[in-house]
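Under the numbering used here, the first residue of the sequence shown is numbered 174, with each subsequent residue one higher.
Cβ atoms here follow ideal geometry from the backbone N, Cα and C, with glycine treated the same way.
Working notes, structure below.
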Amino acid sequence: MLNKKIKQDFPILFQEVNDEPLVYLDSAATSQKPKQVIDSLVHYYEHDNANVHRGVHTLADRATTKYEASREKVRAFIGAKSTKEVLFTRGTTTGLNWLSRSFGDSVVNSGDEILISHMEHHSNVVTWQELAKRQDAELVYVDLTSEGEIDMDDFKRKINQRTKIVSIAHASNVLGVTNPIKEMATLAHNVGAYLIVDGAQSVPHMPVDVVDLDADFYVFSGHKMCGPTGIGVLYGKQALLEEMEPVEYGGEMIDFVYHDHSTWTELPWKFEAGTPNIAGAIALGSAIDYLTEIGMAKIHQHEQELVDYVLPKLEAIEGLTIYGPKDPKKHSGVIAFNLDGIHPHDTATALDMEGIAVRAGHHCAQPLLSYLDLHATARASFYFYNTKEDADRLVEAIIATKEFFTDGFI
């Protein structure tokens with residue numbers, strides 16, 4: 174386990190909620206931010222606030238230098254070959270929308286197929302639904318196994334020469350599974366398809382090497398990895414990005430504007446229209462520094478040890494159903510569950526009264542819940558700043574919630 178002192182870097186965690194010490198178990202929705210990241214935001218606005226790539230004065234130069242230094246930090250963090258392959262976005266959703274509008278419109282035609290799975294986040298469903306409508310293509314869903322993993326036999330049956338795009342989450346935000354992206358990349362490329370990966374739930378929690386995975390595109394968000402909201406990354410292989418057209422125009426993505434047409438600047442700025450989220454990008458670099466110092470392998474190990482500890486305790490609670498793999502080694506720190514006869518919103522409200530923050534609802538994955546014949550679940554999601562004591566508090570509060578709803582109204 175990681176040193177418990179790490180928790181001291183997160184000021185927000187040292188407060189009481191409903192007169193109880195806060196246990197934050199909603200990091201799959203957004204992670205908390207260490208003081209080092211908060212300080213970098215404050216420092217930028219107090220010392221370096223200026224626009225990037227435009228001014229020649231000292232503040233503008235400092236802002237531009239730090240903004241581009243963060244791009245290099247992202248490149249190294251995910252193993253990309255060049256900073257030309259790292260585009261700053263507003264988040265995972267923006268990256269997927271750019272890919273649907275630009276890349277998707279250029280490679281998908283009438284009669285083609287787009288392959289996704291039932292476990293995808295809405296951002297990785299609706300974007301492809303809309304592309305299929307625009308291009309008269311078909312959206313095909315890969316089935317899941319009884320424990321919520323991708324059914325690779327079904328994947329192999331459904332991928333074919335008509336498949337142009339495969340878009341899959343690296344890790345599920347509900348089921349706690351991690352998908353075999355490298356194998357899926359090989360299968361996609363064998364039929365001439367392109368692989369897009371939603372890395373929102375993987376990059377914060379495990380080492381990721383986009384070159385080793387052979388993903389054509391990989392998107393993720395800063396706010397789930399200790400960075401600020403409103404900043405994200407779209408990685409793409411350089412040759413593919415060179416061919417793509419931007420979807421937003423103006424600002425420093427311009428090379429020259431004539432009266433009847435315009436030309437675009439080179440990668441990566443070709444896609445970054447307008448004034449970017451400068452402070453967010455710089456703070457994302459600080460978050461990467463922080464995570465790198467701890468070590469992504471250690472973070473992954475810490476979360477796995479927490480799951481090994483808490484999953485059996487949760488499964489021992491009579492009337493509690495956990496969704497996803499039963500083997501802790503196959504289950505990430507995302508644990509979706511329901512208590513028999515208790516609506517998950519009531520469960521989450523009761524846990525909140527004990528100072529424990531979990532999410533309840535469909536988790537922006539309504540097709541998945543429909544596939545599982547569910548309306549909603551509660552979800553506890555652990556991160557490296559959580560401890561076994563946090564896990565014990567969750568278990569105790571769930572037991573108390575169950576007793577309250579089963580015995581309290583008799």
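Checklist entry - For Phe187, which three-state DSSP category applies? => result Position 14 of the sequence shown holds residue 187. In this structure, DSSP gives Phe187 a state outside helix and strand, which the three-state scheme calls coil.
Checklist entry - Do you know offhand how far Leu656's Cα is from Ile323's? => result Absent from the structure is residue 656, since the part of the chain shown begins at 174 and ends at 583.
Checklist entry - Which residues mark the beginning and the end of the alpha helix (DSSP H) in which Glu576 is found? => result The residue labelled residue 576 in the question sits at position 403 within the sequence shown. Residues Lys561 to Asp580.
Next on the checklist: Please state the DSSP three-state secondary structure of Glu418.
Outcome noted: Working through the sequence shown from its first residue, we reach residue 418 at position 245. Coil.
Item to check | Sequence-distant residues of its chain with Cβ nearer than 6 Å to Ser200 (five each side left out) | outcome: On the sequence shown, position 27 is the one that residue 200 refers to. For Ser200, where only same-chain residues beyond five positions count, the Cβ hits under 6 Å are Ser554 and Tyr556.
Item to check | Secondary structure of Ala553, DSSP reduced to three states | outcome: Counting from one through the sequence shown, the residue named residue 553 turns up at place 380. In the three-state DSSP reduction, Ala553 falls in the strand class (E or B).
Item to check | Element boundaries [alpha helix (DSSP H), containing Ala460] | outcome: The residue you call residue 460 lines up with position 287 of the sequence shown. Residues Ile451 to Ile467.
Checklist entry - Do the stretch 468–482 and the stretch 379–391 touch if we need at least three Cβ pairs shorter than 8 Å? => result Taking 8 Å as the limit for Cβ pairs, the verdict is that the stretch 379–391 does touch the stretch 468–482.
Item to check | Reduced DSSP category for Arg227 - H, G, I as helix; E, B as strand; rest coil | outcome: By 1-based counting over the sequence shown, the position of residue 227 is 54. Arg227 carries a coil assignment under DSSP once its states are collapsed to helix, strand and coil.
Checklist entry - Leaving out the 5 sequence neighbours to the left and right, which residues in its chain are closer than 7 Å to Ile572 when beta-carbon positions are compared? => result Mapped onto the sequence shown, residue 572 falls at position 399. Cβ-Cβ distances below 7 Å link Ile572 to Ile490 in the same chain, with the five nearest sequence neighbours on each side left out; the list follows chain order.
Checklist entry - Assuming His226 and Trp437 make a contact with CB atoms under 8 Å, what is their CB distance in whole Å? => result Position 53 of the sequence shown holds residue 226. Position 264 of the sequence shown holds residue 437. Wrong, their Cβ atoms sit about 14 Å apart, outside the cutoff.
Checklist entry - Between Phe444 and Leu567, what straight-line distance do the alpha-carbon atoms span, to the nearest angstrom? => result Here the question's residue 444 lines up with position 271 in the sequence shown. Here the question's residue 567 lines up with position 394 in the sequence shown. Each residue's CA atom was taken as its position, placing Phe444 and Leu567 some 44 Å apart.
Next on the checklist: Can you give me the C-alpha to C-alpha distance between Ala452 and Lys306, rounded to a whole angstrom?
Outcome noted: By 1-based counting over the sequence shown, the position of residue 452 is 279. By 1-based counting over the sequence shown, the position of residue 306 is 133. In this structure, the straight-line span from the alpha carbon of Ala452 to that of Lys306 is close to 37 Å.
Next on the checklist: With distance defined between alpha-carbon atoms, name the residue in Lys177, Pro419 and Arg248 nearest to Arg274.
Outcome noted: Counting from one through the sequence shown, the residue named residue 274 turns up at place 101. Distances from the CA of Arg274 to each of Lys177, Pro419 and Arg248 were compared; the closest alpha carbon is that of Pro419.
Item to check | Reference Thr465, options Ala249, His396, Ala454 and Lys337, closest by Cα | outcome: If you number the sequence shown from 1, residue 465 lands on position 292. That would be Ala249, whose Cα lies nearest to the Cα of Thr465.
Checklist entry - Tell me which same chain residues have a C-beta within less than 7 Å of the C-beta of Thr520, skipping the five on either side of it? => result Residue 520 sits at position 347 when you count from the first residue of the sequence shown. Excluding positions up to five away in sequence, the list reads Leu512, Ala533, Ala551 and Thr574.
Next on the checklist: Please state the DSSP three-state secondary structure of Ala412.
Outcome noted: Reading the sequence shown from its first residue, position 239 is the one you call residue 412. Looking at Ala412 - three-state DSSP - the assignment turns out to be helix.
Checklist entry - Can you tell me where the alpha helix (DSSP H) with Ser296 in it begins and where it stops? => result Counting from one through the sequence shown, the residue named residue 296 turns up at place 123. That run of the alpha helix (DSSP H) goes Ser296 to Gln308.
Checklist entry - Which residue's Cα is closest to the Cα of Asn191: Ala549, Thr522 and Ala446? => result Mapped onto the sequence shown, residue 191 falls at position 18. Checking every option, the nearest Cα to that of Asn191 belongs to Thr522.
Checklist entry - Between Asp387 and Ala358, is the Cβ-Cβ spacing less than 8 Å? => result In the sequence shown, the residue the question calls residue 387 occupies position 214. In the sequence shown, the residue the question calls residue 358 occupies position 185. A Cβ-Cβ contact shorter than 8 Å links Asp387 with Ala358.
Checklist entry - Leu317: buried (16+ other C-beta within 10 angstroms of its C-beta) or exposed? => result Walking along the sequence shown from the start, residue 317 turns up at place 144. The residue is buried, with at least 16 neighbouring Cβ atoms inside 10 Å.
Item to check | Segment contact flag, the stretch 335–351 with the stretch 277–293, C-beta cutoff 8 Å, min 3 pairs | outcome: When Cβ pairs closer than 8 Å are counted between the two stretches, the stretch 335–351 is seen to touch the stretch 277–293, the count reaching three or more.
Checklist entry - Using 8 Å as the threshold, is the stretch 256–265 in touch with the stretch 228–247, meaning 3 or more CB pairs across them? => result Taking 8 Å as the limit for Cβ pairs, the verdict is that the stretch 228–247 does touch the stretch 256–265.
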